[in-house]
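*Asks:*
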Amino acid sequence: MTWQDEPTTERLNGADLYFEVTGPEDTPPEEPTVIFLHGGPGYNAYTFRSLFGERLEHRRVVYLDQRGSGRSGALADTEQGGDTLDLDTLVADVEAVREYLGAESIIPLGHGFGALVALEYARRHPTRTPRVVVVNPWVHFPDLALTLLAEASARRGVPLDDPATEVRARTPEGEYAPVGEARVEAAFRLLNARDLLNALHFRDAASRMRQEFADAEGQLVGGGEVQEALVHQGLWEFEYPPFLAELRRPVFVIAGVHDRTSYPEQVQWLADLADADVTVLDAGHSPWLDDEDAFAEALEEALTR
16 MTWQDEPTTE RLNGADLYFE VTGPEDTPPE EPTVIFLHGG PGYNAYTFRS LFGERLEHRR
76 VVYLDQRGSG RSGALADTEQ GGDTLDLDTL VADVEAVREY LGAESIIPLG HGFGALVALE
136 YARRHPTRTP RVVVVNPWVH FPDLALTLLA EASARRGVPL DDPATEVRAR TPEGEYAPVG
196 EARVEAAFRL LNARDLLNAL HFRDAASRMR QEFADAEGQL VGGGEVQEAL VHQGLWEFEY
256 PPFLAELRRP VFVIAGVHDR TSYPEQVQWL ADLADADVTV LDAGHSPWLD DEDAFAEALE
316 EALTR
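Residues in the sequence shown are numbered consecutively from 16, following my numbering.
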């Protein structure tokens with residue numbers, strides 16, 4: 016098919032998925048297609064493309080609004096329904112997009128929560144994935160929840176009170192103790208989610224304002240349904256590290272030293288278990304906000320080395 020800079024919404028894998036395909040029309044078919052997988056969960060690909068897309072115009076890139084997110088259809092309108100969203104489905108959506116586009120292979124480029132989708136796609140489809148690139152990944156959600164709780168406690172000036180021991184004690188034998196969910200609920204009782212994540216994500220106020228301006232331009236709000244559906248499926252208890260050792264393709268990580276939701280703890284899981292190549296930038300959760308040139312250089316190296 017002809018690769019062009021046109022948006023499309025297609026019914027794939029039982030959902031209305033919105034994506035944009037960009038790049039030179041004469042791109043050789045054997046060259047891998049980059050598929051950008053945004054974070055959130057429940058965010059969109061608009062902001063990344065609007066702020067950084069010009070730096071990727073020499074490549075074939077797909078900007079996908081994942082199921083229920085951004086400009087894609089609502090979860091309630093999918094064949095699977097609004098309460099069954101899980102990692103399996105999100106990975107299957109990526110494969111459906113690849114098949115629709117007729118791409119021989121793809122490089123998943125995952126950001127934050129999207130890194131989880133990118134990594135799992137690479138694990139399940141190694142012959143279709145020459146490499147995987149992740150930016151400030153989240154892979155261990157009970158640990159992430161503890162990070163949120165520790166930051167909220169510090170900002171409120173109260174001692175860290177991890178509910179994990181109490182939750183495990185009251186959980187019947189043989190059942191999984193919902194430690195992550197308890198930690199998150201405790202964190203958000205101390206500080207609202209937006210303020211807490213802003214404190215952990217951004218290097219400075221200027222970067223935060225730049226993203227907020229881009230978000231306002233895109234006029235894409237929401238994502239709550241996606242978050243609720245994933246939480247309903249046990250997102251905050253999910254521990255992906257055991258699967259990292261099964262990856263059979265090179266993994267490249269770009270981390271921002273100021274993103275305390277990911278660096279260093281989450282990044283270290285990939286370095287230890289997936290033998291990931293890690294590049295650390297003087298940046299926050301979205302490195303293109305802080306140093307576009309440094310991020311562009313790191314990304315190009317990860318895509319080509």
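Yeah, the Cβ is synthetic: ideal placement off N, Cα and C, and Gly gets one too.
1. Once you ignore the five residues that flank W251 on each side, which residues in its own chain have a CB closer than 6 angstroms to its CB?
2. Below 8 angstroms between beta carbons: does that hold for G127 and H247?
3. For a quick check, are the C-beta atoms of E166 and A214 less than 8 angstroms apart?
4. Quick one: using the 10 Å Cβ neighbour count with 16 as the cut-off for buried, is V173 buried or exposed?
5. With 16 other CB atoms within 10 Å as the buried threshold, where does R239 fall?
6. Out of V77, D177, D41 and L285, state which residue places its alpha-carbon closest to the alpha-carbon of I121.
7. Could you check how far apart the C-beta atoms of R143 and D108 are, in whole angstroms? I think they sit under 8 angstroms.
8. Is L124 closer than 8 angstroms to F51 when the C-beta atoms are compared?
9. Are the stretch 288 to 304 and the stretch 253 to 273 touching by the rule of at least three beta carbon pairs closer than 8 angstroms?
10. Report the partner residues of R26 according to the DSSP bridge assignment.
11. Which runs of the alpha helix (DSSP H) fall wholly inside the stretch 159 to 195 and span at least 4 residues, in chain order?
12. Considering F217, what are the terminal residues of the beta strand (DSSP E) in which it resides?
13. Leaving out five residues on either side along the sequence, give the residues of the same chain with a beta carbon under 6 angstroms from the beta carbon of V236.
14. Does DSSP put E21 in a helix, a strand or coil?
15. Could you pull out every residue in the same chain whose Cβ sits closer than 7 angstroms to the Cβ of A220, ignoring the five residues on either side in sequence?
16. Ends of the beta strand (DSSP E) at A133?
17. Among V132, R185 and R204, which has the Cα closest to the Cα of L163?
18. Looking only at C-alpha atoms, which of D177, A133, L105 and P44 sits nearest to W153?
19. Anyone know if the C-beta pair for N28 and G233 falls short of 8 angstroms?
20. Between R264 and P145, is the Cβ-Cβ spacing less than 8 angstroms?
21. Could you name the residues of the same chain whose beta carbon sits closer than 8 angstroms to that of F369, not counting the 5 residues immediately before and after it, in chain order?
22. Given a cut-off of 8 angstroms, decide if R74 and G38 are closer than it, judged by their beta-carbon atoms.
23. Based on Cα-Cα distance, which residue from L285, E69 and R26 lies nearest to E114?
24. List the DSSP bridge partners of V148.
25. Could you tell me which residues DSSP puts in a beta bridge with L296?
26. D287 to A118, Cα distance in whole Å?
27. If you draw a straight line from the alpha carbon of A291 to that of L285, how long is it in whole angstroms?
28. By the DSSP assignment, the beta strand (DSSP E) with V49 in it spans what residues?
29. Quick check on the DSSP output: the alpha helix (DSSP H) that includes D80 runs from which residue to which?
30. What three-state label does DSSP hand H155 in the structure shown?
31. In the DSSP assignment, what residue or residues form a beta bridge with T37?
*Replies:* So, from the data block:
1. Here residue 251 refers to the residue found at position 236 of the sequence shown. These residues qualify, in order along the chain: F156, A160, G195, E196 and V199.
2. Working through the sequence shown from its first residue, we reach residue 127 at position 112. Working through the sequence shown from its first residue, we reach residue 247 at position 232. Taking 8 angstroms as the Cβ cut-off, G127 and H247 do not qualify as a contacting pair.
3. Translated into positions along the sequence shown, residue 166 becomes position 151. Translated into positions along the sequence shown, residue 214 becomes position 199. Yes, the Cβ-Cβ distance between E166 and A214 is below 8 angstroms.
4. Taking the sequence shown and counting its residues from 1, one reaches residue 173 at position 158. Under this definition V173 is an exposed residue.
5. Working through the sequence shown from its first residue, we reach residue 239 at position 224. The residue asked about is misnamed: residue 239 is Gly in this sequence, not Arg. With fewer than 16 Cβ atoms within 10 Å of its Cβ, G239 is classed as exposed.
6. For the purposes of this step, residue 121 is identified with residue 106 of the sequence shown, where counting begins at 1. Ranking V77, D177, D41 and L285 by Cα distance to I121 puts V77 first.
7. Walking along the sequence shown from the start, residue 143 turns up at place 128. Walking along the sequence shown from the start, residue 108 turns up at place 93. The C-beta separation of R143 from D108 comes to about 14 angstroms, leaving the pair out of contact by the 8 angstroms criterion.
8. Here residue 51 corresponds to residue number 36 of the sequence shown, with the count starting at 1. Here residue 124 corresponds to residue number 109 of the sequence shown, with the count starting at 1. Taking 8 angstroms as the Cβ cut-off, F51 and L124 qualify as a contacting pair.
9. Touching, yes.
10. Residue 26 sits at position 11 when you count from the first residue of the sequence shown. Residue pairing by DSSP places R26 opposite D31 in a beta bridge.
11. Segments of the alpha helix (DSSP H) lying fully in the stretch 159 to 195: 179 to 185.
12. Counting from one through the sequence shown, the residue named residue 217 turns up at place 202. Per DSSP, F217 belongs to no beta strand (DSSP E) and is neither H nor E.
13. Working through the sequence shown from its first residue, we reach residue 236 at position 221. Within its own chain, no residue has a Cβ closer than 6 angstroms to the Cβ of V236 once the five positions on either side in sequence are excluded.
14. By one-based count along the sequence shown, residue 21 stands at place 6. Here E21 sits in strand by DSSP.
15. Mapped onto the sequence shown, residue 220 falls at position 205. Within its own chain, no residue has a Cβ closer than 7 angstroms to the Cβ of A220 once the five positions on either side in sequence are excluded.
16. On the sequence shown, position 118 is the one that residue 133 refers to. Per DSSP, A133 belongs to no beta strand (DSSP E); it is in the alpha helix (DSSP H), G129 to R139.
17. For the purposes of this step, residue 163 is taken as residue 148 along the sequence shown, with counting starting at 1. Among V132, R185 and R204, the Cα nearest to that of L163 is on R204.
18. Counted from its first residue, the sequence shown places residue 153 at position 138. Looking at the Cα atoms, A133 is the closest of the given residues.
19. As a working mapping, residue 28 is identified with position 13 in the sequence shown. As a working mapping, residue 233 is identified with position 218 in the sequence shown. Cβ distance not < 8 angstroms, so N28 and G233 don't count as in contact.
20. Indexing the sequence shown from 1 puts residue 264 at position 249. Indexing the sequence shown from 1 puts residue 145 at position 130. Less than 8 angstroms separates the beta-carbon of R264 from that of P145.
21. In the structure as shown, the chain starts at 16 and stops at 320, and residue 369 therefore has no counterpart that could be examined.
22. Translated into positions along the sequence shown, residue 38 becomes position 23. Translated into positions along the sequence shown, residue 74 becomes position 59. Yes, these two residues count as a Cβ contact at 8 angstroms.
23. For the purposes of this step, residue 114 is taken as the residue at position 99 of the sequence shown. Measuring C-alpha to C-alpha distances from E114 to each of L285, E69 and R26 identifies R26 as the nearest.
24. Start at 1 with the first residue of the sequence shown, and residue 148 comes out as number 133. For V148, which the question treats as bridged, DSSP gives the partners L124 and F267.
25. Counting from 1 along the sequence shown, the entry for residue 296 is found at position 281. The secondary-structure analysis by DSSP pairs L296 across a beta bridge with G271.
26. One-based indexing of the sequence shown puts residue 287 at position 272. One-based indexing of the sequence shown puts residue 118 at position 103. Computed Cα separation, rounded: 31 angstroms.
27. The count along the sequence shown starts at 1 and reaches residue 291 at position 276. The count along the sequence shown starts at 1 and reaches residue 285 at position 270. Distance between the alpha carbons of A291 and L285 is about 6 angstroms.
28. As a first step, residue 49 must be located in the sequence shown, where it is residue number 34. Its beta strand (DSSP E) spans residues T48 to L52.
29. Looking up residue 80 in the sequence shown gives position 65. DSSP places D80 outside any alpha helix (DSSP H); the residue lies instead in the beta strand (DSSP E), whose first and last residues are V76 to D80.
30. Reading the sequence shown from its first residue, position 140 is the one you call residue 155. Secondary structure of H155 (DSSP, three-state): strand.
31. Here residue 37 is taken as the residue at index 22 of the sequence shown, counted from 1. T37 pairs with V76.
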